[in-house]
Every structure is written in C-alpha cells, then in structure tokens.
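For the working numbering, count along the sequence shown from 1 and bump the result up by 4.
Everything below concerns the one structure shown next.
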Amino acid sequence: MKTSICIIRSNPVRPDSRVEKEAWSLVRAGYNVHILAWDRDSDHPEEQGFITVADERIPITWLGYKAAYSAGMKSLKPFFRFQIHMRRWLKKHKRDFDVIHACDFDTAFFSRRITRKQRFIFDIFDFLYAEPKTFLQRIVRKIQIHIINQADATIVCTEQRKEQIAGSHPKKLVVIHNTPFKQQQSGAEEFCLQSDSPRPKIAYVGILAEERMLTSVGRCMERLPDVELHIAGFGQLESFFTKLSQETDNVYFYGRIPYNQALQLEAECDIMTAIYDPSNENCRRAAPNKFYESLMLGKPVVMVKGTGMSDLVDQHNIGTLIDFSEEGFENGIHELIRRREEWPDISARMKCIYRDNYSWDVMNKRLIELYLQLSV
C-alpha cells in the first residue's frame, strides 16, 4: 500500500513553488499526496479541487477564511479560525494519512501527530524569532525548538538556517534549497510580455509587500525611462502597481499568475530582483526563490548586501549588490546595464552553478531519501 502524505500550508498554494515542487516529487516517487491549504481570498466552506504541477494533478482541500497578507494582528482572528478548522479536518481524516508534512510554525503547532502511527515532518521555510527581543518571541522560539525535537524529521532551506535552530536536537535534518525545476517552466498556456521593445526588462513575481522595497522600485521607474519593469503577484500593493502601470509607460503589471507563467515571464526579461530587508534576521539567511530562478534561467540578479545568497552573487560576479534603498536600487540597475555586454557570460556561469549545486534533481534526491528513511 502506498504511503499517504498530507502537506499543510497557510496560503492557497496558488501558487506556492516550494510546496508544488515537493508535492510533485513525492507523487512521482509513488506516494499519495494531498494538500491542505488556507485560502485567504474569501470565506467559504471546505472546497475540494486539484492543482496541476507539470504533468501531475494533485488533490487539494482549501479552508476559506478571508485574510490579508502581511497584515499582522488584523489577520489574527481568521488565522485562529483556520487553525481550529485545520485541526478538526486532520482528526476527521486521521486514518487517511501516514505522514503529516507541516510547512512553517503556523501549520506545525496545531497539526502535530494526530495518531501515534503517523510520522511528522516540520518543513521550515521561515524560522520565527531566531533572535527574540520580547517575552512572547522567546516563547514562540522555544515552541519551535520543541517541535523540531519532537518531529521525525526537520527540513530547512539553506545551510545557514541551521544556525537559527541552534539548541535544537532534530532526529533528522535535511537542507532542501528553494530551487525551481525545469518542468515548472512549461505549461499549456504560453505567456507573452505586454511589450516587445528593445529596452532592458526587469522582472519581479511574488508577494507584493512593502518590506520588499517595491514601492521604491516602482518610483525608480519614473527616473529610468529606458528600462521596463514587468511585475506580477498579489498582496497589499496590487492597487499601487495597477495605478502605476496605467500612468507609466515602462511599468507592466500582470496581477496573479501561475508559477509556470512566472518562470516564462522571468525568462523573457533581462534582469531579476531578490530584494529583502537586511535588518530582518530571516532575510539575512533567506533562500529567495528569485535567486534560484535567476540561476536556472541565467539572468543577472539585483540583491541587497548582507541578505541570503548575496555572498554567492559577489563570489561568482553574477549580478550586483545594493544598499537597501531607492538610490541603491537605481544605482544597481545602472551598473548592470553598463555591463550589458557581460550578460551572456554571466548567464553561462549562473546555469552551471544551478546545474552543479542547486538543481531540483539534487534536491529531489534529498527529499525522497528522507522519506525512504522514515519508512524504515
């Protein structure tokens, strides 16, 4: 009988590249996989459906509790409603799953082993409060350490993230980087840019949150008339970019798009961004999807000094490092455009780094090996 796995995520997985990759890999390896997800777009009863990842259709259950992204305390009530419903759903289906694969603290706390026979995996995308400053933050960190110690296995997304969980004693610890896989770049619906001009094109696809300095990027475009910004995603800044794209002839906003089209958009552009606030402890050890996507696609990347993977950008000369400021971003774009003749060489280096060190083939083997060890 096939092992059955429930992957739990506190977003709708429309898209969520890491969850999609892991689910795809496990299905391809012969496991039964079901995703339980929090649909923040609207209030609704349990909704059954499928997501398609490359050539696999994966069943998913959405629990609908409307909540904004990056809204802090405003999302507390729907967050707890989701937690209660999630726990109730898992108890109802406790005999259906052999493994609970919980992504981050916001699903792991209430979803820990429902029955003694179940295995539990704590998949840490972002570890909360590794450097706690308040009593509550210290409590949250202590709970996460406890979950790690109790879990059958723990997954982190970079080697540097091991430092965050210092003091824990995981039974098994595996590093799986947030790297894309080429199957995700293909899809039935081909994606076309809204511009065919020869101007250099910057791509950003992801959560539209202020902490990623996106309003500053948008404002910079008014001073960079010979450069285009192609941006897609969802979140609190959707209306800002809708308006900016209507008022500025070098900004193109696509709204929410599936992950395969996100990769196609990035492939059609020239420069990618992975901009995070270095004052945030998680950002200093981040494993940005955009960085790994830029490696696979061979696109020079703009990153902030001192954030996750910036050392690799500097070491291999595959982009530019900037200060976390509007002026820093503008200077970084000017520098990359001055180096336009180097882009083919940069692209070749990036693809080699991806192939040899970070390809999903490598990460897939780590994930499946972990699951094989759990079944022994």
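No residue lacks a Cβ here, since even glycine has one placed at the ideal position from N, Cα and C.
Exposure of residue i, with buried meaning 16 or more beta-carbon neighbours within 10 Å
i, result
"T384", "Shown here, the chain extends from 5 to 380; a query on residue 384 therefore has no answer."
"G68", "buried"
"M217", "buried"
"P292", "buried"
"D230", "exposed"
"T183", "buried"
"T246", "exposed"
"F139", "exposed"
"F131", "buried"
"T277", "buried"
"A192", "Bear in mind that a pLDDT of 47 at A192, under 50, signals an unreliable position, so the number given afterwards is only what the model happens to contain. Under this definition A192 is an exposed residue."
"G34", "exposed"
"Y280", "buried"
"Q319", "exposed"
"N286", "buried"
Whole-number beta carbon distance between residue j and residue i, since they are thought to touch under 8 Å
i, j, result
"F101", "I39", "Going by Cβ atoms, the distance from F101 to I39 rounds to 12 Å, so no, they are not a contact pair."
"R289", "Q168", "6 Å"
"F83", "A71", "7 Å"
"I372", "S29", "7 Å"
"A157", "V178", "7 Å"
Extent of the continuous beta strand (DSSP E) to which residue i belongs
i, result
"Y103", "Note on identity: in this sequence residue 103 is Val, with Tyr being the wrong assignment. Element bounds for V103: V103 to C107."
"S46", "Where S46 is concerned, there is no enclosing beta strand (DSSP E), given that its DSSP letter is neither H nor E."
"D127", "R123 to D127"
"L325", "G323 to I326"
The alpha helix (DSSP H) enclosing residue i, as first and last residue numbers
i, result
"T252", "Per DSSP, T252 belongs to no alpha helix (DSSP H) and is neither H nor E."
"Q148", "F139 to Q154"
"M276", "Segment I275 to A278 is the beta strand (DSSP E) holding M276; no alpha helix (DSSP H) there."
"F295", "N293 to L301"
"V317", "S314 to H320"
"G336", "E330 to R342"
"T219", "L218 to C224"
"C287", "E285 to R288"
"I235", "That residue, I235, is in no alpha helix (DSSP H); its beta strand (DSSP E) goes E232 to F238."
"I88", "L80 to K96"
"L197", "Neither: L197 is in no alpha helix (DSSP H) and is coded neither H nor E."
"L30", "S21 to R32"
"L267", "Y263 to E272"
Three-state class that DSSP yields for residue i in the structure shown
i, result
"P348", "helix"
"M307", "strand"
"K205", "strand"
"A192", "Confidence in A192 is poor, its pLDDT being 47 and thus under 50, which makes the residue's placement too unreliable to answer from."
"L374", "helix"
"Q52", "strand"
"E60", "strand"
"T246", "helix"
"R99", "coil"
"V178", "strand"
"T65", "strand"
"L40", "strand"
"R13", "strand"
"A432", "Outside the shown range of the chain (5 to 380) lies residue 432, about which nothing can therefore be said."
"T111", "helix"
"L228", "coil"
"I211", "strand"
Separation of residue j from residue i, as counted between CA atoms
i, j, result
"R260", "G237", "4 Å"
"A207", "P19", "17 Å"
"K166", "D253", "45 Å"
"T65", "G239", "22 Å"
"A106", "E251", "43 Å"
"I326", "V306", "7 Å"
"S199", "C273", "10 Å"
"K6", "Y375", "12 Å"
"I11", "P63", "11 Å"
"T111", "L212", "22 Å"
"G323", "R44", "35 Å"
"Y362", "Q164", "15 Å"
"S283", "S314", "14 Å"
"C224", "Y263", "26 Å"
"R85", "I151", "21 Å"
"K98", "I118", "6 Å"
"A58", "K137", "43 Å"
"S243", "H234", "15 Å"
"Q377", "S351", "37 Å"
"S220", "Y73", "19 Å"
"D108", "C161", "11 Å"
"Q122", "V103", "5 Å"
"L267", "E24", "14 Å"
"E339", "N368", "36 Å"
"G171", "N15", "29 Å"
"A27", "L80", "28 Å"
heavy atom of the ligand MN below 7 Å from residue i C-beta
i, result
"G239", "No copy of the ligand MN appears in this structure; indeed no ligand is present at all."
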